[in-house]
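Undergrad: Here you go, one structure.
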Amino acid sequence: MDGPIASMRLKTLRDGMEDYEYFALLEKRADTDAVMRIVSEIAPEWWDFSTDPADYDTARRKLAEEIIRAK
Numbered sequence: 433m434d435g436p437i438a439s440m441r442l443k444t445l446r447d448g449m450e451d452y453e454y455f456a457l458l459e460k461r462a463d464t465d466a467v468m469r470i471v472s473e474i475a476p477e478w479w480d481f482s483t484d485p486a487d488y489d490t491a492r493r494k495l496a497e498e499i500i501r502a503k
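Following the numbering used here, the residues of the sequence shown are numbered contiguously, the last one being 503.
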C-alpha cells in the first residue's frame with residue numbers, strides 16, 4: 433500500500449478531537465449546561481459511562497442539532 437494507513441487508535445483520537453470541537457462550539461453558542469445535559473446522558477460520572485457505541489453516535493447527533501438550533 434502506498435501512503436499512510438489510519439489505525440483504529442488514530443480514528444478514535446480523531447473522533448475525540450471532533451467531539452471536543454463540538455463541545456466547544458455548543459458551549460460558545462449556547463452555554464455549558466447545554467453541553468453537560470448531553471454528556472451526562474452517556475457519562476453521568478467519570479467512572480460510569482456507556483459502553484454502547486450507538487449511545488455516542490446519538491450524543492454526537494444531539495450535539496450537532498443543538499449547535500444548529502443555537503445559531
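Even for Gly, the Cβ is constructed at its ideal location relative to N, Cα and C.
Mind checking Ala-496: buried by the 16 CB within 10 Å criterion, or exposed?
TA: On the sequence shown, residue 496 is found 64 positions in, with the first residue counted as 1. Exposed is the call here.
Undergrad: Based on the DSSP output, what are the partners of Glu-477 in its beta bridges?
TA: Position 45 of the sequence shown holds residue 477. Answer by DSSP bridge pairing, in chain order: Asp-480.
Undergrad: Tell me whether the beta-carbon of Ser-482 lies closer than 9 Å to the beta-carbon of Ile-470.
TA: Residue numbering aside, residue 482 sits at position 50 when the sequence shown is read from its first letter. Residue numbering aside, residue 470 sits at position 38 when the sequence shown is read from its first letter. Their beta carbons are not under 9 Å apart, which means Ser-482 does not touch Ile-470 by this criterion.
Undergrad: State buried or exposed for Tyr-454, treating a residue as buried only when at least 16 other CB atoms are found within 10 Å of its CB.
TA: By 1-based counting over the sequence shown, the position of residue 454 is 22. So Tyr-454 ends up on the buried side.
Undergrad: Around the Cβ of Ala-466, are there at least 16 other Cβ atoms within 10 angstroms (buried) or fewer (exposed)?
TA: Taking the sequence shown and counting its residues from 1, the one referred to as residue 466 is at position 34. Result: buried.
Undergrad: According to DSSP, is Ile-470 part of a helix, a strand, or is it coil?
TA: Counting from 1 along the sequence shown, the entry for residue 470 is found at position 38. Helix at Ile-470.
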